[in-house]
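J.:
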DNA sequence: GGGCGGACCATACTTAGGTTTAGCCGCAAC
DNA sequence: GTTGCGGCTAAACCTAAGTATGGTCCGCCC
């Protein structure tokens, strides 16, 4: 699982490798964690505060965030909420020396990967990081697919989007034509254009794209 | 949300209403919770042990389970694992007087709805129950749809299942025919039979069914 | 005002999808 | 041993889908 180049120089920074971010106001904690992660070949970047982390431009690789629940200015929990509100969905692993159960519940409900009490075993932290990175990798892959689909869908004209919705809902060309008040031949032309622009290789393919885009199944039909 | 018949006799048991199950070895806790839930019109059934709960035949309505983490024989956490292993997916709300963070994390990771520390506010418990019931309702709805689809798919002959897989993957009839080594006309016959047995109103409809059943997209073909 | 793109439509043609009717083969159940 | 079913196929026929080619109309931008 680890890349096997663990013994290479500390700043090899291959753009493919995941990154672990650490935020803790205690430098000794940061160093200990950095050493732990580097010992298994994981790129690590540590910050002394949430603010510093936000300055850092987000790298475009799978990553996760190790966070002490008791941060200087902003609490770890509040920072988690901030990130979510800002649309940053990096998986978070909390650690705490004096946490309580309500905090834990709140963090986990908000999607935290794990919540470790200090002192924790190195292996527990590494397991949590593995899970977190994997989760982020999946999320990024899905986001990428979705972004591509959305871009393609946005390149359709309004009419084409409308036809795509009706076609993927299962209507025949003539039904689509009647629905929007045009000739059947016009629908066929739109349809061909849709297949090209969306790069769909078949109707089932297009239907799956529509599913991912969340098009049409809720409305049912015959409204508006 | 509540049915509005809260003042009716204690055992009106309309089959539509959700049920809250309570397991606690302390009778006073059981009574207090039962009273709380009944005061807002929720059917409630309480048990003194996990064993008693398992004896009870599971009602076919949305429900949830309130569980003390410290159960007599089996711990609440282990019981949660038992239920999961047995394929019983009722949402669980834990409560505890002396819980710790690792327990909380384990419970939440395993899908618990909430983890309340005693003493808790009534409203917190009611909120958790509302969430849990809603979650179970959704899960049941999805399970029902899935079960119906599986039944329909099981009614297909092996050949029909194979053809459905290929057709929903986007292959044309002639390609399917070549793939399985039969004449195109045979594929058409199978296909018509599939549409009837699956009660699909259109190809997009069938594709969506295949998606839910998890058929065929992994195998791919002609990608990239 | 000319060019451009979106939307529309017609004719003509080809391919794909789908049904009906009818029949053959093999196998398992009765 | 006959009946039923799954699987297969053919012929005939019809509808649906898709692709040119060619053209109109409208609004927008430079």
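Residue numbers (my numbering), protein chains in the order written: chain Z, 21 to 244; chain X, 21 to 244. Yeah, the Cβ is synthetic: ideal placement off N, Cα and C, and Gly gets one too. Every value quoted in this text rests on a predicted model; they were computed, and no experiment measured them.
Taking the alpha carbon of residue 37 of chain X as the point to measure from, which residue in X/61, X/176 and X/203 has its own alpha carbon closest?
T.: X/61
J.: Name the chain Z residues that come within less than 9 Å of residue 222 of chain X, Cβ to Cβ?
T.: 189, 190, 191 and 192
J.: Might you give, ordered along the chain, the residues of its own chain that have their beta carbon closer than 7 Å to the beta carbon of residue 186 of chain Z, omitting 5 neighbours on each side?
T.: Within the same chain, 196 and 199 come within 7 Å of residue 186 of chain Z by CB-CB distance, once the 5 residues on both sides are set aside.
J.: If you draw a straight line from the alpha carbon of residue 155 of chain Z to that of residue 63 of chain X, how long is it in whole angstroms?
T.: 39 Å
J.: Please report the residue range of the alpha helix (DSSP H) in which residue 227 of chain X lies.
T.: 223-233
J.: Taking C-beta to C-beta, are residue 231 of chain Z and residue 231 of chain X nearer than 8 Å?
T.: yes
J.: Counting only Cβ pairs nearer than 7 Å, list the residues of chain Z close to residue 119 of chain X.
T.: The contacting residues are 121.
J.: Under a three-way DSSP split, which group does residue 90 of chain X fall into?
T.: coil
J.: According to the Cβ coordinates, are residue 136 of chain Z and residue 110 of chain Z closer than 8 Å?
T.: no
J.: Kindly indicate the opening and closing residues of the alpha helix (DSSP H) around residue 166 of chain Z.
T.: 142-174
J.: Measuring only the C-alpha atoms, how far is residue 233 of chain X from residue 52 of chain X?
T.: 44 Å
J.: Counting only beta-carbon atoms, is residue 227 of chain Z nearer than 8 Å to chain X?
T.: yes
J.: Taking 8 Å as the threshold (C-beta atoms), are residue 123 of chain X and residue 153 of chain X in contact?
T.: In this structure, residue 123 of chain X does not lie closer than 8 Å to residue 153 of chain X by Cβ.
J.: Is residue 42 of chain X helix, strand or coil when you go by DSSP?
T.: Note: residue 42 of chain X maps to strand in three-state DSSP.
J.: Hey, how far is the Cα of residue 78 of chain Z from the Cα of residue 40 of chain Z?
T.: 12 Å
J.: Can a CB atom of chain Z be found closer than 8 Å to the CB of residue 134 of chain X?
T.: yes
J.: Run through the DSSP bridge pairs and tell me what residue 13 of chain Z is partnered with.
T.: In this structure chain Z extends from 21 to 244, so residue 13 of chain Z is not present and cannot be described.
J.: So, is residue 224 of chain Z buried or exposed, given that buried needs 16 or more other C-beta atoms within 10 angstroms?
T.: buried
J.: Which ranges would you report for the alpha helix (DSSP H) in the stretch 103-133 of chain X if only whole runs of at least 4 residues count?
T.: 121-129
J.: To the nearest angstrom, report how far apart residue 55 of chain X and residue 87 of chain X are at their CA atoms.
T.: CA-to-CA, the gap between residue 55 of chain X and residue 87 of chain X works out to about 16 Å.
J.: Please state whether DSSP places residue 138 of chain Z in a helix, a strand or coil.
T.: In the three-state reduction of the DSSP assignment, residue 138 of chain Z falls in the coil class, being assigned neither a helical nor a strand state.
J.: With contact counted as at least three CB pairs below 8 Å, one residue from each stretch, are the stretch 170-179 of chain Z and the stretch 206-220 of chain Z in contact?
T.: yes
J.: Using a Cβ cut-off of 9 Å, pull out every chain X residue sitting near residue 231 of chain Z, in sequence order please.
T.: 227, 228 and 231
J.: Which residues in the same chain as residue 235 of chain Z place their Cβ atom closer than 6 Å to its Cβ, once the five residues preceding and following it in sequence are excluded?
T.: 185
J.: Return the chain-ordered list of same chain residues with a C-beta closer than 6 Å to the C-beta of residue 214 of chain X, the five sequence neighbours on each side being excluded.
T.: 180 and 184
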